[in-house]
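Trainee: Numbering (my numbering), first residue to last: 45 to 612.
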Amino acid sequence: MNGKTDILIEELLKRKLVTREQVDKALEECRSKGLGLEKILVAQGALKEEQVASLCADLMGVPFVNLKEYLIEPTVLERVPEELARKLKIMPLFIINDSLTVALTNPRDIVTVDELRRRTGFKSIDTVLSGEEDILYAINHYYGSGADIQEALKDMNIEERVSSDIAEEAEVKILEQLAEEAPIIRVVNLLVIQAIRERASDIHIEPDEKKVGVRLRIDGVLREISPFPKNHQGAVISRIKILAKMDIAEKRRPQDGRIQVRIENKDVDLRVSTYPSLFGENVVIRILDKTGLLLGLTQLGFVGDELKRFEKAIRKPYGIMLVTGPTGSGKTTTLYAALNTINSAEKNIITIEDPIEYQIPLIRQSQVNPKAGLTFATGLRSILRQDPDIIMVGEIRDVETAEIAIHSALTGHLVFSTLHTNDASGALTRLEDMGVESFLITSSVVAILAQRLVRVLCEKCKESYKPSSEILADLHIPHHDKLTFWKSKGCKYCENIGYKGRTGIFELLIVSEEVKKLVLKKASSGEIKELARREGMRTLWEDGIAKAKDGITSLEEVIKVTREEEQI
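Structure (C-alpha cells):
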C-alpha cells in the first residue's frame, strides 16, 4: 500500500464517510483486481464519486467544482475543441484575460496541462478538480452531437439520385455509392456516437410515410430525437447494412448483422436487426459496450440483509443460482456483477453466452454459434471437460440445457444461469413444466433471484410528497403520518425527464428444506411464494416500495414494472 492510499483511508475514516469494514473489503478487491481504492469504493456503493473528488481536492489543496451545477459560456467552448476535451478528459470553465481555467480529475497532471496550453495557445492554464463522471457529463451536455447530425444531413444532396423509376440493380449501385460518401458516413457515425454518449441501449430507425423517425432507448424508455428527411432513408439504412455485412439489395426479409467499432477509446459491439415494414426497412441497433464498467452489487440496488443473503448464495461451493425476469430486466448484468464479485485467480470460471456483453479479466468467455453447432447445451457439455469451478450459462431455454446444468451442479460445480419467469417461485415450477424431475430441482437449485429495473429519480430535482390515504389503500400500503414518497420534477441535469439511470428491485428466494418439501409435493408457485415470504423473502413489490420510500425511485415506476398481480 502506498502513502497516498494510506492518507486517503485515514481521511475517509476520520470524516466517517466509510466504515473500517468497507475499507477492508475494498482493499481486498484492490489486490485481486488491480484497481484504485477510490474506484472500488464507488463501485461498491460505499461512496459517491462527488465525495471522492471533493475529498481529493481538499487533500491536494485545490478548488473542487461540481460541474452539474455549473454554467459554461459558449465562447469558452469555442476556444477548446471537443476532440481535445474528450482526449484529455478536461472541461473548460472560464477565461480571464489570457488565462483558461479547466476542470480535470488530477489538477497536478503537468503533461495534460502542457498539451492543453500548446494546443489552445493560452499563456496560463489554471486547474480545479472535478469527478470523472461529472467531466464526461459536462462534455456531452455542452458539446453534444445532435446539431452535428443535422449539419451533416444538410451536406447530403441526394434528391435526384434515387427514384422509383430506375431498375433495382441500378438503385442498389446508387445506394452503395451514397453509403460510401463522406456526409452519409458522418451522419451514421454521429448517430452512434450520440447514442453512446446519452447512455442509450438501442437505436431505433423507423421509416414513416413522410420522414424517418429516430428514437433512443435510454434507461428503458424510448426517447425521440431529430428525424431524417424521407429522401435520406435509403442512404442511411444502406450505410448501416454495409457496415453490418448485410445484403443491401434484400429488403423483403429480415436480416441480422454485427458491427464492431472503437469509439472514444471504448470497444463497442453493435447488433443490427432489419425488418421490412410498410414504408421501408425498420432498423434496430443494440449497443453493447464490451469494455464498460462492471457494476458492483450495491450499485445494482442490493442493500442490507438482501445483499448479505445474495453474497452468501453466490459463494456456495456448488449448486445452481438462477436469475429470472423478462427480457431487458438486467438479468445478465446481475450475473456479470456476481461473477465479478467472486472472481479470483484461484477459480476457473467459464461462460457460454448470447452475446458476450462485457469482458471480465481471468474469465474464459465464449459465445453461442448455432450455425457451427455451438448451442448452450453443446457448449455446456464441452465446458465440463475444461475443469471449471464455476460456470455461467446465458439462459436455460430447454430441458436438455437444464438437465446438463443440474448434472454440473450435482457433480460439484457452481452454475449461474437465467430463466424467463415473472417471479422467483415461478422458476421452480417452470423447470418442472420443462420436464425436469422434482428431486433433481431440489437437489441442485440453491437460490433464485427475480428482478426488474426501475428508473432512479434525479438527485438534483426530486421532491417529496405525501400520497392520499385512498391511493395507499388501493395499493395495500399501510398508512401513517410520517409516510413520504418522492416524485420527479425535471431539471437541466436530467434533461427535464426527472430520472437519471436505473436500479434493480429484487426478490431473492433461498431454497430451504421447507421449500424443497413443497416442490416435491408439486405445490403451486403461489404456495411456494407464501412460504418463502414467511421465511424472510421480500417480494419485488415490497422491495420496490421500500426503494420508493427511500427516494431512490418513484411509486409510479414501481407500479409500472411490477404490475398489479404483484402488489398484493
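We put the beta carbon where it would ideally sit given N, CA and C, even for glycine.
Predicted model, so just to flag it, every value in this text is computed and none were measured.
Less than 8 Å between the C-beta atoms of P107 and V172, yes or no?
Mentor: If you number the sequence shown from 1, residue 107 lands on position 63. If you number the sequence shown from 1, residue 172 lands on position 128. In this structure, V172 lies closer than 8 Å to P107 by Cβ.
Trainee: Out of curiosity, what's the CA-to-CA distance linking V120 and L137?
Mentor: As a position in the sequence shown, residue 120 is number 76, starting the count at 1. As a position in the sequence shown, residue 137 is number 93, starting the count at 1. For V120 and L137, the distance between alpha carbons rounds to 7 Å.
Trainee: Quick check on this structure: which residue in G534, F550, S487, S556 has the alpha carbon closest to the alpha carbon of D587?
Mentor: Taking the sequence shown and counting its residues from 1, the one referred to as residue 587 is at position 543. Out of G534, F550, S487, S556, F550 has the C-alpha closest to the C-alpha of D587.
Trainee: Identify, in the order they occur along the chain, each residue of the same chain with its Cβ nearer than 7 Å to the Cβ of K391, setting aside the five sequence neighbours on each side.
Mentor: Reading the sequence shown from its first residue, position 347 is the one you call residue 391. So the qualifying residues of the chain are D433, I434.
Trainee: Considering only the beta carbon of each residue, do K531 and K506 sit closer than 8 Å?
Mentor: If you number the sequence shown from 1, residue 531 lands on position 487. If you number the sequence shown from 1, residue 506 lands on position 462. Contact flag set, yes.
Trainee: Compute the Euclidean distance between the alpha carbons of V602 and H523, then round it to the nearest angstrom.
Mentor: Along the sequence shown, read from residue 1 onward, the residue named residue 602 stands at position 558. Along the sequence shown, read from residue 1 onward, the residue named residue 523 stands at position 479. If I take the Cα positions, the gap works out to 18 Å.
Trainee: For a test of the three-state rule: what should DSSP assign to I440, helix, strand or coil?
Mentor: Within the sequence shown, numbered from 1, the residue matching residue 440 stands at position 396. It is coil, neither helix nor strand.
Trainee: Tell me where the alpha helix (DSSP H) around S508 begins and ends.
Mentor: Within the sequence shown, residue 508 is the residue found at index 464, counting from 1. Per DSSP, S508 belongs to no alpha helix (DSSP H); it is in the beta strand (DSSP E), 507-509.
Trainee: In or out: A129 buried (at least 16 other Cβ within 10 Å) or exposed?
Mentor: Counting from 1 along the sequence shown, the entry for residue 129 is found at position 85. With 16 or more Cβ atoms within 10 Å of its Cβ, A129 is classed as buried.
Trainee: Ordered along the chain, which non-local residues of its own chain (more than five positions away) have a Cβ less than 7 Å from that of Y463?
Mentor: On the sequence shown, position 419 is the one that residue 463 refers to. Residue identity differs from the one stated: residue 463 is Leu in this sequence, not Tyr. Around L463: L366, T368, I440, A471, R474.
Trainee: Less than 8 Å between the C-beta atoms of L553 and S488, yes or no?
Mentor: As a working note, residue 553 is residue 509 in the sequence shown. As a working note, residue 488 is residue 444 in the sequence shown. Not a contact, by the Cβ cut-off of 8 Å.
Trainee: Under DSSP, the beta strand (DSSP E) around R306 begins and ends at which residues?
Mentor: Position 262 of the sequence shown, counted from the start, is the residue given in the question as residue 306. Run containing R306: 299-307, per the beta strand (DSSP E) assignment.
Trainee: What would DSSP say about E176, mapped onto helix, strand or coil?
Mentor: Against the sequence shown, residue 176 aligns to sequence position 132. Helix at E176.
Trainee: Determine, using beta-carbon pairs with one atom in the stretch 377-388 and one in the stretch 343-359, whether at least three such pairs fall under 8 Å.
Mentor: Touching, yes.
Trainee: Return the bridge partner residues of W530 from the DSSP annotation.
Mentor: Taking the sequence shown and counting its residues from 1, one reaches residue 530 at position 486. Paired residues: S508.
Trainee: CB of D50 to nearest heavy atom of the ligand NAD: below 7 Å?
Mentor: This structure lacks the ligand NAD, and indeed carries no ligand of any kind.
Trainee: One question on the structure: do I400 and I427 come within less than 8 Å of each other, judged by their Cβ atoms?
Mentor: Residue 400 sits at position 356 when you count from the first residue of the sequence shown. Residue 427 sits at position 383 when you count from the first residue of the sequence shown. Cβ distance not < 8 Å, so I400 and I427 don't count as in contact.
Trainee: I'd like to know if the stretch 452-460 and the stretch 414-423 are in contact, where contact means that at least 3 CB-CB pairs between them fall below 8 Å.
Mentor: Output reads no: the stretch 414-423 does not touch the stretch 452-460.
Trainee: Output the distance between the C-alpha atoms of V443 and A381, rounded to the nearest integer angstrom.
Mentor: Taking the sequence shown and counting its residues from 1, one reaches residue 443 at position 399. Taking the sequence shown and counting its residues from 1, one reaches residue 381 at position 337. Straight-line Cα distance between these residues: approximately 27 Å.
Trainee: Here's a check: name, in chain order, each residue in its chain whose Cβ is nearer than 7 Å to the Cβ of R425, leaving out the five neighbours to either side.
Mentor: Within the sequence shown, residue 425 is the residue found at index 381, counting from 1. If we look at R425 and ignore the five residues flanking it on each side, its Cβ neighbours are I448.
Trainee: Cα-Cα, which of D594, D263, D467 is closest to F529?
Mentor: Here the question's residue 529 lines up with position 485 in the sequence shown. It is D594 whose Cα lies nearest to the Cα of F529.
Trainee: By DSSP, does E82 sit in helix, in strand, or in coil?
Mentor: In the sequence shown, the residue the question calls residue 82 occupies position 38. In this structure, E82 counts as helix in the three-state DSSP scheme.
Trainee: When the distance is taken between beta carbons, is I262 closer than 8 Å to A288?
Mentor: The count along the sequence shown starts at 1 and reaches residue 288 at position 244. The count along the sequence shown starts at 1 and reaches residue 262 at position 218. Contact: no.
Trainee: State the Cα-Cα distance for the pair R429 and T145, rounded to the nearest angstrom.
Mentor: Within the sequence shown, residue 429 is the residue found at index 385, counting from 1. Within the sequence shown, residue 145 is the residue found at index 101, counting from 1. For R429 and T145, the distance between alpha carbons rounds to 59 Å.
Trainee: How big is the Cα-Cα spacing for D398 and Q411?
Mentor: As a position in the sequence shown, residue 398 is number 354, starting the count at 1. As a position in the sequence shown, residue 411 is number 367, starting the count at 1. Taking the straight line joining both Cα atoms gives about 6 Å.
Trainee: Roughly how many whole angstroms lie between the Cα atoms of S143 and E294?
Mentor: Counting from 1 along the sequence shown, the entry for residue 143 is found at position 99. Counting from 1 along the sequence shown, the entry for residue 294 is found at position 250. Those two C-alpha atoms are separated by around 58 Å.
Trainee: By the 10 Å Cβ neighbour count, where 16 or more other Cβ atoms means buried, how is Y543 classified, buried or exposed?
Mentor: Counting from one through the sequence shown, the residue named residue 543 turns up at place 499. Classification for Y543: buried.
Trainee: Please specify which runs of the beta strand (DSSP E), each continuous and at least 3 residues long, are wholly inside the stretch 224-277, giving them in chain order.
Mentor: You should have 244-251, 255-262, 265-273.
Trainee: Please return the same chain residues whose Cβ sits closer than 8 Å to the Cβ of Q95, not counting the five positions on each side in sequence.
Mentor: To locate residue 95, count along the sequence shown from 1; it is residue 51. Around Q95: L61.
Trainee: Taking only three categories from DSSP, how would you classify K295?
Mentor: In the sequence shown, residue 295 corresponds to position 251, counting from 1. If DSSP states are grouped into helix, strand and coil, K295 belongs with coil.
Trainee: Is the beta carbon of R330 less than 8 Å from the beta carbon of R315?
Mentor: For the purposes of this step, residue 330 is taken as the residue at position 286 of the sequence shown. For the purposes of this step, residue 315 is taken as the residue at position 271 of the sequence shown. Closer than 8 Å, so yes.
Trainee: Would DSSP call L379 helix, strand or coil?
Mentor: Taking the sequence shown and counting its residues from 1, one reaches residue 379 at position 335. Correct three-state label for L379: helix.
Trainee: For the beta strand (DSSP E) containing Q495, list its first residue and its last residue.
Mentor: Counted from its first residue, the sequence shown places residue 495 at position 451. Note, Q495: beta strand (DSSP E), 489-501.
Trainee: DSSP three-state call for V693: helix, strand or coil?
Mentor: In the structure displayed, the chain extends from 45 to 612; residue 693 sits before or after that span and is not available.
Trainee: By DSSP, does N184 sit in helix, in strand, or in coil?
Mentor: The count along the sequence shown starts at 1 and reaches residue 184 at position 140. Looking at N184 - three-state DSSP - the assignment turns out to be helix.
Trainee: Following the continuous beta strand (DSSP E) through A147, name the residue where it begins and the one where it ends.
Mentor: Taking the sequence shown and counting its residues from 1, one reaches residue 147 at position 103. Unbroken beta strand (DSSP E) run through A147: 143-148.
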